[in-house]
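Chemist: Going left to right, the sequence shown walks through residues 0 to 289 as numbering that gives the first Met the number 0 numbers them.
Mind having a look at this structure? Questions to follow.
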Amino acid sequence: MGTSNQAIDHKLLAATLCDLRRARDLITDQGAALDDHWEEISSEEREEVDFLASRLDQGHVQLLGIQDDRFPIGLKSLRTPPPYLFAVGNLDLLNERAIGFSGSRDATEVALEATATCAREAHEAGFVVVAGFARGVDGVAHQAAIAAGGSTIAVLPEGILSANLRISGEYEDSFPGENFLAISQFQAEAKWMVGRAMTRNTTVIAISECLVLMSAGETGGSYEAGKAALKANSPVVTPAFEEDLSPGAKALGRTGAVAIDSIDAFRKRLGEMASSEPEVILTDEPGTLF
């Protein structure tokens with residue numbers, strides 16, 4: 000089962016406490032490098048790792064190095080991929096085809112209703128819904144997927160131990176569960192930062208076949224996510240069923256985003272993707288930041 004937990008590898012965990020470049024070198028090199036690093040650190044540092052491992056184990060957190068077969072191939076294919084992922088929930092969801100969602104935290108009610116409709120349609124077409132676990136568009140996308148009987152992946156903009164992996168309302172008990180996975184590419188106790196939120200968007204794009212962009216302004220994280228997706232040659236669609244396109248959607252339309260003006264058009268687009276083979280996209284965007 001995807002939610003079965005394995006004990007945290009203490010040597011791999013010790014590498015995640017290093018700076019990013021050092022962590023990447025150690026984890027990519029694997030065996031001997033991780034062993035040597037473990038021997039080099041002090042007894043106090045080992046105690047710190049042991050304590051952190053116990054906290055992660057208690058939270059049913061798993062740790063994947065980039066060489067792990069379960070590490071998502073889309074993320075591994077970034078030019079500068081994150082060397083590790085912390086995960087809670089059903090890891091099998093990383094093997095499923097996925098559609099990413101991004102949008103304003105302060106989207107209109109009409110845009111949020113459209114988001115819910117699109118998330119349900121993504122599930123019906125056979126896709127896992129991926130989003131950044133923020134309020135607004137992200138939260139509605141996660142909730143709608145669960146409510147429809149589908150699955151969702153939350154890509155966190157902070158460390159796995161810093162995130163509140165709960166969701167208010169009727170579906171609170173679904174987080175985490177068989178139809179939910181949360182992943183973080185940051186140190187386990189890392190706090191939210193703008194740079195991490197932007198980096199999280201790159202990960203949403205990397206593990207998704209398309210980015211659904213809702214209610215984006217001409218600046219801000221959602222607009223930058225759309226730009227990053229287009230730069231990575233990943234399709235971007237901007238649904239607006241009962242209101243005008245957002246300023247960000249209009250701007251991105253000039254560089255390749257596709258406006259979707261009806262649910263039938265969105266359903267058709269999903270069908271076209273579902274009937275074709277997924278592509279692995281290479282991007283020049285950064286894979287991770289600390």
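We put the beta carbon where it would ideally sit given N, CA and C, even for glycine.
As the structure is a prediction and not an experimental result, all values here were calculated from the model.
Let me know the beta strand (DSSP E) ranges lying completely inside the segment 54-96, each 3 residues or longer, listed in chain order.
Modeler: Within the segment 54-96, the complete beta strand (DSSP E) runs of at least 3 residues are 61-64, 83-88.
Chemist: Touching or not, the segment 20-33 and the segment 128-138, by the rule of three or more beta carbon pairs under 8 Å?
Modeler: Touching, no.
Chemist: Can you give me the start and stop residues for the beta strand (DSSP E) that Met-272 sits inside?
Modeler: Within the sequence shown, residue 272 is the residue found at index 273, counting from 1. Met-272 -> not in any beta strand (DSSP E); alpha helix (DSSP H) instead, spanning 262-273.
Chemist: Please look up how many angstroms separate the CB atoms of Ala-118 and Leu-155, rounded, as I've assumed it's under 8 Å.
Modeler: On the sequence shown, position 119 is the one that residue 118 refers to. On the sequence shown, position 156 is the one that residue 155 refers to. Not really, about 19 Å apart at Cβ, beyond 8 Å.
Chemist: Is the CB-CB distance between Leu-77 and Ala-227 below 8 Å?
Modeler: Within the sequence shown, numbered from 1, the residue matching residue 77 stands at position 78. Within the sequence shown, numbered from 1, the residue matching residue 227 stands at position 228. Not closer than 8 Å, so no.
Chemist: So the candidates are Leu-33, Arg-21, Leu-55, Trp-37; which of them puts its Cα closest to the Cα of Ala-6?
Modeler: Indexing the sequence shown from 1 puts residue 6 at position 7. If we check each option's Cα against that of Ala-6, Leu-55 comes out closest.
Chemist: For Glu-169, I'd like the list of residues in its chain whose CB is within less than 7 Å of its CB, leaving aside the five on either flank, ordered along the chain.
Modeler: Taking the first residue of the sequence shown as 1, we reach residue 169 at position 170. Because Glu-169 sits at a pLDDT of 46, beneath the cut-off of 50, its placement in the model cannot be relied upon, and the following sentence gives the value as read from the coordinates. Same-chain partners within the cutoff: there are none.
Chemist: Am I right that Ala-248 and Leu-210 are in contact with their C-beta atoms under 8 Å? What's the rounded C-beta distance?
Modeler: As a first step, residue 248 must be located in the sequence shown, where it is residue number 249. As a first step, residue 210 must be located in the sequence shown, where it is residue number 211. Not confirmed; about 12 Å, so no contact.
Chemist: For Asp-18, does the three-state DSSP call read helix, strand or coil?
Modeler: Within the sequence shown, numbered from 1, the residue matching residue 18 stands at position 19. Looking at Asp-18 - three-state DSSP - the assignment turns out to be coil, as it is neither helix nor strand.
Chemist: Return the chain-ordered list of same chain residues with a C-beta closer than 8 Å to the C-beta of Leu-62, the five sequence neighbours on each side being excluded.
Modeler: One-based indexing of the sequence shown puts residue 62 at position 63. Excluding sequence neighbours, Leu-62 sits near Ile-7, Asp-8, Leu-11, Leu-12, Thr-15, Leu-55, Tyr-83, Leu-84, Phe-85, Ala-86.
Chemist: What residue range is occupied by the uninterrupted beta strand (DSSP E) comprising Ile-159?
Modeler: Counting from 1 along the sequence shown, the entry for residue 159 is found at position 160. Premise fails: Ile-159 is in no beta strand (DSSP E) and is neither H nor E.
Chemist: Using three-state DSSP, classify Ile-290 as helix, strand or coil.
Modeler: Nothing can be reported for residue 290, as the shown portion of the chain is limited to 0 through 289.
Chemist: Under three-state DSSP, which class holds Gly-220?
Modeler: The count along the sequence shown starts at 1 and reaches residue 220 at position 221. The answer is helix: DSSP assigns Gly-220 an H, G or I state.
Chemist: Between the segment 96-106 and the segment 189-196, do three or more beta carbon pairs fall short of 8 Å?
Modeler: They do not touch, by the three-pair rule.
Chemist: Grouping DSSP H, G and I as helix and E and B as strand, with all else coil, what is Met-197?
Modeler: The residue you call residue 197 lines up with position 198 of the sequence shown. Looking at Met-197 - three-state DSSP - the assignment turns out to be helix.
Chemist: Whole angstroms are fine: how far does the CA of Phe-70 sit from the CA of Glu-38?
Modeler: Translated into the one-based positions of the sequence shown, residue 38 becomes position 39. Translated into the one-based positions of the sequence shown, residue 70 becomes position 71. Approximately 26 Å between the Cα atoms of the pair.
Chemist: In angstroms with no decimal places, state the Cα-to-Cα distance between Gly-216 and Phe-265.
Modeler: Translated into positions along the sequence shown, residue 216 becomes position 217. Translated into positions along the sequence shown, residue 265 becomes position 266. If you take the alpha carbons of Gly-216 and Phe-265, they lie about 21 Å apart.
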